[in-house]
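Student: Input: one structure, supplied below.
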Amino acid sequence: MELFQDQVLLSRIHFAFTAIFHILFPVLTIGLSIFLVGVEAKWLLTGQERYYQHARFWMRLFLLNFAVGVVSGIPMEFQFGTNWSAFSRAGGDIFGHLLGFEASMAFMLEAAFLGIMAFGWKRVSPGMHFFATCMVAFGGSLSAFWIMAANSWMQTPVGGEFVGNRFILTDAFAAIWNPDAFWGITHMWLACLEISLFVIGGISAWYLLRGRDTEFFLVSFKAMVVAAIVVTLLQMATGDGAGKSIFKAQPAKLAGIEAHWQTNPEGEGAPWKILAWPDKQLQANVWEIEVPNVLSLLATYSKTGTVTGLKEFPVADQPPLLLPFYSFRLMVLIGLLLAGLMVWSLWAWKKGELVPERVGRQKRLLYAWMAAIPLSYLAMETGWIVREVGRQPWVIQGVLRTEEGVSRLPAESVTGSLIGFVAIYTLLLILFLLFARRILQKGPNLVDSPVEKGKSHRDINRFLAKKHITRY
Amino acid sequence: MDAINANLPTIWLFLVGFFLLYYVVTDGADLGVGMLTLVTRNSEEKKVMMDSIHSIWHGNQTWIVILGGMLFGAFPLFYSIVLSALYIPFIVMLFGFIFRGVAFEFYDNAEWKPVWLVSFGVGSLLATLGQGFALGGLLGGISVQSDSFAGHPDDWLNGYSAIAAAGVVAGYIMLGAAYLVARTEGPLQERSFRLASAAGFATALISAVIYFATSLLHPSMAGKWLFRGESVWPSLFLYFFLFLTLGAFAMYFRSLLRKRQLAPLVWNWLVVIFSFTGLSIGLYPAMIPSVGAAALTVEEVAASPTTLRFMLVVTLILLPIILTYTSYSYWIFRGKITRDEGYENR
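Going down the list, the protein sequences come from chains A and H. Quick note on our numbering: the first sequence kicks off at 1 and runs consecutively. Quick note on our numbering: the second sequence kicks off at 1001 and runs consecutively.
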């Protein structure tokens, strides 16, 4: 098998597989933790037990999701050294230290307060517990900030200079706030919110469809409809911004995503391919369905704006074409469908369908919300494929080629660990889904009351704690 | 300011050393507790042992993530060479972390629970073995050519690294047993006292062998024992830390005999800190020791001054904050562990 001898390809598959798996979990961690902050705040403000019960119910799912996210995340960090040592050497000056910041600022905060959030309900006051939940949510979003800043630096490496293939940092802030950073960070963070809101809304829809705890889940469902108005629209806006950022900083990537070969002559607009079959050997599309001028409009806001074509780049510098082209279209299509679902839900709300007596009859709408769960994850994964495969053949755009970034490892070592990761992660995914299903079937505990129990437990614990301290 | 700028790599060596030692004394104990569940027969006791670290293991483990990131940023060359050279031990450690890490949450949700107790124990053992062989592989020497690992993927597997791995296993079990002494009571605590003594003897013995073997392997360390260096200071420091280590061991055993609750764990921390510092002094200034060819020094593997300075400022602001909230979370969950409360009652 030729595949198992190509060490570069194996390391790329290794990274792609572990990254595609890992990212499924932190996105929900980030969004769901913000939701937990919301329901806990609502509980403290209104004193209604319903919100406390929401916090307890969704936290179970959160903890399960968080556990898989953490264990699959640690290998990501070490993989840069084990499999991509030449890249680590070249980019360590900035890339490594952003990972260090991510761990020390974000992961540590999450880890320390997660203990209090999960096990501290009866050990700390409600106010302190709320603070812990806020810190977990803050840590999650902060980690997204640092890792996206690091990834954006690979797309637009600035803030220093390359001396003999090694990046020497001169301006840390310029490197962190590199040209791609703003759009990269906001687009991904909104993706976390969007996926989470469709997960929460979709699960609520599942209960509504079954008529289980209808009043309880109508609260979370309607909250997610409201959140969807803001998030789906903002996500389209940042998507547009991210596209223009690629147009400016990574023209070959943009041309690849759009299968755009010829730079449009002055005075003529560049057409947008709805669908096409780009062929690198032909240096043209085998077939294409296009709309005139739209690519110029999308990239430059002008009907005749110049968009550089793929032919301007040497074949060796052209990105892969089919995967980014179709991934991009799938992502955009799903984004539009999700925005449509938001409009549909609002319309149903306006017609007075979102009330306990009638919501169960909105079967199609509720099924659509359930379908939105896998679709939103798929949009995120295809977006990442566009971002990372579109950057090829570079690992650091324009400076270090991917094949130059790998460790000199024998192919057997990489094959061995790849098989290990595939086996373990497949098992993890199956178990995660199994346990998540069990949590959902069990449902929320609607007789759980925080106040009295909390007080008595806290007193007992204080008493116990005092007894033990004197013993030390 | 000039003094700081001139010594940035050395300052970072101390910081990275701090992260490493903090990780070892905290998560080392967690992994030790995990390995001890493998030799515990009673399932209920196993669960109490798991619960004793439930609220803190994750924070403790995060220190190795910080260590990885900071090594990557401050010593990119070290990070890239060592991780690619020790590929197999590190992958084994990562697999071990996965089995250990999911065990807690999966146990809570599973119907068939014993399998997650096994996952917890075996994962802890795998992670410890991975770390032990990685340490042995590094201290045993790595062959480097033009800034890349140039050896064979099984270079780390030899008698020396096997001794180092045994030392790490024994040391973590010692930490785990001392931790259980502090956090449990009754029969489990009684047994932990005995295990802490046994593991203490094993660790002391293996540490002596590691010191001896490392000196044989690296003439620069042997030279320090024999006062053959240009300066007498490294030799004096080496002997000083040797005596501190011996003293800490003595106090550790004394505190166990007197059935003290927290003292064995504290003396155990000092054993780890002193013995590791002594070994580092023996090898300094080599950061990647090498057999035959010249070792790579701290200065050679460091990042650029701009990076080191920026990271230093941020880290010095962050560390007190991290230590404050981490201490707070330890404080919340202080006291003896009794029985699992379950998610609904937490």
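Think of the CB as a built atom: it goes at the ideal place given N, C-alpha and C, for glycine as much as any other residue.
1) Would a C-beta distance cut-off of 8 angstroms place M381(A) and I20(A) closer than the cut-off?
2) Whose Cβ in chain H lies nearer than 9 angstroms to the Cβ of E40(A)?
3) Would you identify the three-state DSSP class for A284(A), choosing helix, strand or coil?
4) With 16 other CB atoms within 10 Å as the buried threshold, where does N445(A) fall?
5) For I385(A), collect the residues of the same chain with a Cβ closer than 8 angstroms to its Cβ; drop the 5 residues on either side in sequence, then sort them by chain order.
6) Starting from I185(A), follow the alpha helix (DSSP H) in both directions and report where the run begins and ends.
7) If we count the other Cβ atoms within 10 Å of its Cβ and call it buried at 16 or more, is F1333(H) buried or exposed?
8) Tell me whether P1114(H) is buried or exposed, calling it buried when 16 or more other Cβ atoms sit within 10 Å of its Cβ.
9) Mind pulling the chain A residues with CB within less than 7 angstroms of I1105(H)?
10) Can you pull the chain A neighbours of I1066(H), defined as C-beta to C-beta under 9 angstroms?
11) With a cut-off of 8 angstroms, does the C-beta of A111(A) fall near any C-beta of chain H?
12) Chain A beta carbons: is any one of them nearer than 8 angstroms to that of D1147(H)?
13) In or out: S1231(H) buried (at least 16 other Cβ within 10 Å) or exposed?
14) Assign Q318(A) to one of three DSSP states: helix, strand, or coil.
15) Which of the three DSSP states is assigned to D279(A) in this structure?
16) In the DSSP assignment, what are the bridge partners of G160(A)?
17) Do three or more CB pairs link the stretch 185–202 of chain A to the stretch 222–230 of chain A at distances below 8 angstroms?
18) Would the stretch 343–360 of chain A and the stretch 237–251 of chain A be scored as touching if the rule is three or more Cβ pairs under 8 angstroms?
19) Check each candidate in K280(A), K273(A), V307(A) and Q235(A) and name the one with the smallest Cα separation from E266(A).
20) Tell me, please, whether the CB atom of L1226(H) is closer than 8 angstroms to any CB atom in chain A?
21) Could you please give me the residues that DSSP links to S1148(H) through a beta bridge?
22) Between which two residues does the alpha helix (DSSP H) containing M105(A) stretch?
23) Determine the closest residue to L1135(H) out of E1111(H), D1030(H), Y1179(H) and T1214(H), with distance taken between C-alpha atoms.
24) Rounded to whole angstroms, what is the Cα-Cα separation between G1073(H) and K222(A)?
25) Can you name, in chain order, every residue of its own chain whose Cβ lies under 8 angstroms from the Cβ of L338(A), other than the five neighbours on each side?
26) Can you name the start and end residues of the beta strand (DSSP E) that A1286(H) belongs to?
27) Shorter than 8 angstroms from the beta carbon of A172(A) to some beta carbon of chain H?
28) At what residues does the beta strand (DSSP E) containing I396(A) begin and finish?
29) Per DSSP, what kind of secondary structure is S1185(H) in: helix, strand or coil?
30) Report yes if the CB atom of P1076(H) is closer than 8 angstroms to the CB atom of S88(A), and no otherwise.
31) So within the stretch 412–456 of chain A, which uninterrupted alpha helix (DSSP H) runs reach at least 4 residues, ignoring any that extend past its ends?
32) In whole angstroms, what is the alpha-carbon distance linking Q48(A) and E40(A)?
33) Can you name the start and end residues of the alpha helix (DSSP H) that I1337(H) belongs to?
34) Distance check for W206(A) and L369(A), CA to CA, integer angstroms please.
35) Rounded to a whole number of angstroms, what is the C-alpha to C-alpha distance between P251(A) and P314(A)?
36) Would you kindly work out how many angstroms separate the C-alpha atoms of G160(A) and L1008(H), rounded to a whole number?
Tutor: So, to answer that:
1) Note that residue 381(A) is Glu in the sequence shown, not Met. Cβ distance < 8 angstroms, so E381(A) and I20(A) count as in contact.
2) Chain H residues near E40(A): none, gap ~15 angstroms exceeds 9 angstroms.
3) strand
4) exposed
5) L323, P324 and S327
6) A181 to R210
7) buried
8) exposed
9) For the sequence presented, residue 1105(H) should be read as Glu rather than Ile. By Cβ distance, chain A contributes L63, L64 and A67.
10) G100, A103, S104, F107 and M108
11) yes
12) yes
13) exposed
14) coil
15) strand
16) L169(A)
17) yes
18) no
19) V307(A)
20) no
21) Q1145(H)
22) Where M105(A) is concerned, there is no enclosing alpha helix (DSSP H), given that its DSSP letter is neither H nor E.
23) T1214(H)
24) 45 angstroms
25) E194, F198, A228, T232, A372, L375, S376 and A379
26) A1286 to I1288
27) yes
28) W394 to I396
29) In the sequence as presented, Ser is not what sits at residue 1185(H); that position holds Glu. Here E1185(H) sits in coil by DSSP.
30) yes
31) none
32) 10 angstroms
33) Segment: none, I1337(H) is in no alpha helix (DSSP H) and carries neither H nor E.
34) Note that residue 369(A) corresponds to Trp in the displayed sequence, not to Leu. Approximately 9 angstroms between the Cα atoms of the pair.
35) 13 angstroms
36) 19 angstroms
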